[in-house]
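Heads up, the sequence shown is in the working numbering, so the first residue is 816 and it goes up one at a time. For glycine and all other residues, C-beta sits at the position ideal for the given N, C-alpha and C.
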Amino acid sequence: MRRRGRRNRARNIEFEPETLCFKPCGRRGCLLDRVVLRYDEIESLRLADYEGLYQEEAAQRMNISRSTFSRIVTEARKKVTDAILNGKILMIKEVDDDSSSSNK
């Protein structure tokens with residue numbers, strides 16, 4: 816499938832997570848749906864929610880616009896909430912395509 820629009824601008828990712836998969840306890844992984852969180856999404860959560868930065872400052876650290884940062888962090892929060900509320904596996908991956916937002 817061809818991409819439409821502009822290419823993504825290179826984003827500064829200062830943190831690489833050690834744990835790449837979170838699964839609800841007591842449930843078989845093969846039976847669960849998955850949510851994939853990209854590295855830029857986990858970085859946006861780290862900067863905004865863990866470090867408590869304002870979006871403008873966090874966007875500068877990631878080398879992106881504030882509006883792009885806002886879209887990334889909003890989507891990341893939706894994905895994490897979906898995984899928690901619906902008992903899905905949360906996977907963190909470095910991906911370059913649009914498949915990161917689709918659930919299996």
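- [ ] Rank Lys903, Gly844 and Glu890 by C-alpha distance to the C-alpha of Arg853 and give the top, closest one.
- [x] Selected option, being the one with the closest Cα: Glu890.
Task: Whole runs of the alpha helix (DSSP H) within the segment 864-890, excluding any shorter than 4 residues - done: Runs found: 870-877.
Task: Three-state secondary structure (DSSP) of Leu846 - done: Correct three-state label for Leu846: helix.
Open item on the list: Tell me the DSSP secondary structure of Ile899 in three-state form.
Closed with: Per DSSP, reduced to three states, the secondary structure at Ile899 is helical.
- [ ] Report the option in Glu866, Lys838 and Asp855 whose CA atom is closest to the CA atom of Asn901.
- [x] When each option's Cα is compared against that of Asn901, the closest is Lys838.
Open item on the list: Quick check on DSSP: helix, strand or coil for Lys908?
Closed with: For Lys908, the three-state secondary structure derived from DSSP is strand.
TODO: Measure the CB-CB distance between Ile907 and Leu835 and report whether it falls below 7 Å.
DONE: Contact: yes.
- [ ] May I have the straight-line CA-CA distance separating Arg826 from Arg861, to the nearest angstrom?
- [x] In a straight line, the C-alpha of Arg826 is about 14 Å away from that of Arg861.
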